[in-house]
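Undergrad:
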Amino acid sequence: MSRFDELAASFAADQRGPWPELSYRLFVSQLEEHRTGKLRVLDAGGGAGALAVRLARDGHDVTLLDQSEGMLAQARDAAAEAGVVIRILESTIEEADDLIPEPEFDLVACHNVLEYVVNLADTIRSLRRWMRPDGLLSLVVHNAVSLPLWCAMHELNFEEALVNLGARTWRGRFSDSARAFDSDEISGLVSSGDLTVVGSYGLGVVSPYIPDEDAKFTDRRIHQLEELERRLGSLSPYKEVARRLHVVAAQGEVRND
Numbered sequence: 001m002s003r004f005d006e007l008a009a010s011f012a013a014d015q016r017g018p019w020p021e022l023s024y025r026l027f028v029s030q031l032e033e034h035r036t037g038k039l040r041v042l043d044a045g046g047g048a049g050a051l052a053v054r055l056a057r058d059g060h061d062v063t064l065l066d067q068s069e070g071m072l073a074q075a076r077d078a079a080a081e082a083g084v085v086i087r088i089l090e091s092t093i094e095e096a097d098d099l100i101p102e103p104e105f106d107l108v109a110c111h112n113v114l115e116y117v118v119n120l121a122d123t124i125r126s127l128r129r130w131m132r133p134d135g136l137l138s139l140v141v142h143n144a145v146s147l148p149l150w151c152a153m154h155e156l157n158f159e160e161a162l163v164n165l166g167a168r169t170w171r172g173r174f175s176d177s178a179r180a181f182d183s184d185e186i187s188g189l190v191s192s193g194d195l196t197v198v199g200s201y202g203l204g205v206v207s208p209y210i211p212d213e214d215a216k217f218t219d220r221r222i223h224q225l226e227e228l229e230r231r232l233g234s235l236s237p238y239k240e241v242a243r244r245l246h247v248v249a250a251q252g253e254v255r256n257d
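If you number the sequence shown the way our numbering does, the last residue is 257 and the count never jumps.
Spelled out as C-alpha cells, the structure:
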C-alpha cells in the first residue's frame, strides 16, 4: 500500500477546512481571468477529489484521474455526499493515454502533483496531449521561496528556516523529499512542453503563514482576508512569496466566453 493510500482518509478530512475552500475560490477567480462558462475539466492527480467535487458542484463536467485506490474511494464518497457526478479514472498520468485517447478537455488541472512525479517533462507532455487546441493548463506547485518563510513564521523554527534557504525539496505528508519550484522554474517547465504561460499567480500569500487557524478564519475576517489574498496573489512582488504558485498556460489562442 502506498503512502497516498495509507493517508487518504486524513488527507480528505483536511480538505474540508476553511483554507481549502478559500483556496478554491482564489483559484476560480484567477482562472476566470482567462476562461469562463461551463468547462470540460480533467483533474490530473486529483487525489481525494477536493478540487474535482468543487468544480462539479459549480456545474463543470469533471473527470478525476489518480493512481491511488484509497484516494479515489475518498473522492467517490465526497462526490456522493455533495450530490455531484464525476468521472473517475484510475491510473498514473504517464500511463493514462489509453484511457484518454483524445484531446477532449477545456481545462487540464494538475495541482500539487508535480512535487511527486518521476519525470516532469513526460508529465507535462501528457497533460498537453489532453488539452483541446484552445484549452488551458492549470498548474499549482509548492513555492521554493516559501520554504524558509513557512519555517520561520508558521513554525517559529528559525534554525530550520536557515537550513531551507535555497532549498528545492521539503518534507511533506506524502514524501520526505517533495519538490518545490520557483517562478522561473515552473515557467521554464511549461515552455519546454511547447506551452505559453498566460497567467502567473500566488495562492496563499498571507493565510498559510498565520499559525492561528481560529483567528484568521473568523466570520468577521474571512471576507477581508479573501480580498487581500485575491489582490496580493496577482501582484508582484507579493505573489512570488506565496505558499504555492499557480500558472495558467495555453497552446493556442485564448478565448473568453
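Every residue gets a Cβ at the ideal spot worked out from N, C-alpha and C, and that includes glycine. All of these numbers come straight from a predicted model, not from anything done at the bench.
#1: Quick check on A13: buried or exposed, where buried means 16 or more other Cβ atoms within 10 Å of its Cβ?
#2: Cα separation between R16 and A50?
#3: For V84, which residues from the same chain have a beta carbon less than 7 Å from its beta carbon, with the 5 sequence-adjacent residues on both sides left out?
#4: Run through DSSP, which three-state label would I86 get?
#5: Could you check what DSSP says for D176 in three-state terms: helix, strand or coil?
#6: Closest to L107 by CA distance: which of T123, L39 and G47 is it?
#7: Using only the alpha-carbon positions, how far apart do A9 and G46 sit?
#8: Based on the DSSP secondary-structure assignment, which residues constitute the bridge partners of L127?
#9: Return the CA-CA distance between V248 and R220, expressed in angstroms with no decimal places.
#10: Does the beta-carbon distance from G233 to V197 come in below 7 Å?
#11: Inspect the beta-carbon positions of A96 and D43 and report whether they are closer than 7 Å.
#12: Could you have a look at D66 and say whether DSSP puts it in helix, strand or coil?
#13: Using only the alpha-carbon positions, how far apart do A73 and V141 sit?
TA: In brief:
#1: The count along the sequence shown starts at 1 and reaches residue 13 at position 13. Counting Cβ neighbours within 10 Å, A13 comes out exposed, since fewer than 16 surround it.
#2: As a position in the sequence shown, residue 16 is number 16, starting the count at 1. As a position in the sequence shown, residue 50 is number 50, starting the count at 1. Using only the alpha carbons, I get a separation of about 8 Å.
#3: As a working mapping, residue 84 is identified with position 84 in the sequence shown. Here the set comprises V53, A56 and R57.
#4: Translated into the one-based positions of the sequence shown, residue 86 becomes position 86. DSSP places I86 in the coil class of the three-state scheme, outside both helix and strand.
#5: Taking the sequence shown and counting its residues from 1, one reaches residue 176 at position 176. Residue state, collapsed to three classes: coil.
#6: Numbered from its first residue, the sequence shown carries residue 107 at position 107. Of the candidates T123, L39 and G47, the one whose C-alpha sits nearest the C-alpha of L107 is L39.
#7: Within the sequence shown, numbered from 1, the residue matching residue 9 stands at position 9. Within the sequence shown, numbered from 1, the residue matching residue 46 stands at position 46. So the two alpha carbons sit approximately 14 Å from each other.
#8: Taking the sequence shown and counting its residues from 1, the one referred to as residue 127 is at position 127. Its beta-bridge partners do not exist; DSSP assigns none.
#9: Looking up residue 248 in the sequence shown gives position 248. Looking up residue 220 in the sequence shown gives position 220. Their Cα atoms are separated by approximately 32 Å.
#10: Here residue 233 corresponds to residue number 233 of the sequence shown, with the count starting at 1. Here residue 197 corresponds to residue number 197 of the sequence shown, with the count starting at 1. Here G233 is not near V197, since their CB atoms are 7 Å or more apart.
#11: The residue labelled residue 96 in the question sits at position 96 within the sequence shown. The residue labelled residue 43 in the question sits at position 43 within the sequence shown. Contact flag unset, no.
#12: For the purposes of this step, residue 66 is taken as residue 66 along the sequence shown, with counting starting at 1. Note: D66 maps to strand in three-state DSSP.
#13: As a first step, residue 73 must be located in the sequence shown, where it is residue number 73. As a first step, residue 141 must be located in the sequence shown, where it is residue number 141. For A73 and V141, the distance between alpha carbons rounds to 24 Å.
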